[in-house]
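A.B. asks: Using the working numbering, read the sequence shown as starting at 1395 and increasing by one per residue.
We put the CB at the ideal spot given by N, CA and C, even for glycine.
What you are looking at is a predicted structure, and each value in this text was computed from that prediction instead of being measured.
First the structure, then my questions, so here it is.
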Amino acid sequence: MLWLYILIGVLALIAGLAIGFFIARRYMMTYLKNNPPINEQMLKMMMMQMGMKPSQKKINQMMAAMNKQQGK
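Below, the structure is given as structure tokens:
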């Protein structure tokens, strides 16, 4: 009878892990769809809206700084 409780516990653990994985995956896909990561084109548009004339060097510097910040 004890082995039955252990088996049910292991199966519940596996099912919980699988369900949690798929819920987390769906959440991240929805989040990235609604909030895409910033790219060079978006950065260029933001700089132009702020009244700056973006050069490729400045864009590259800002992208490197943002990637470094995200890495921490």
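What do you reckon, are the CB atoms on Lys1462 and Pro1448 nearer than 8 Å?
C.D. replies: No; because the gap between Cβ atoms is not below 8 Å, this pair is not in contact.
A.B. asks: Under the assumption that Glu1434 contacts Ile1408 (Cβ atoms under 8 Å), give the Cβ distance between them as a whole number of angstroms.
C.D. replies: Not quite, the Cβ-Cβ distance comes to about 43 Å (not below 8 Å), so this is no contact.
A.B. asks: Since I believe Met1460 is in contact with Ile1432 (beta carbons under 8 Å), could you give me their beta-carbon distance rounded to a whole number of angstroms?
C.D. replies: That belief holds up - the Cβ atoms of Ile1432 and Met1460 are roughly 7 Å apart, short of 8 Å.
A.B. asks: Just verifying my parser: in three-state terms, what is the DSSP assignment at Ile1413?
C.D. replies: Helix, per DSSP.
A.B. asks: What three-state label does DSSP hand Met1395 in the structure shown?
C.D. replies: Coil at Met1395, not helix or strand.
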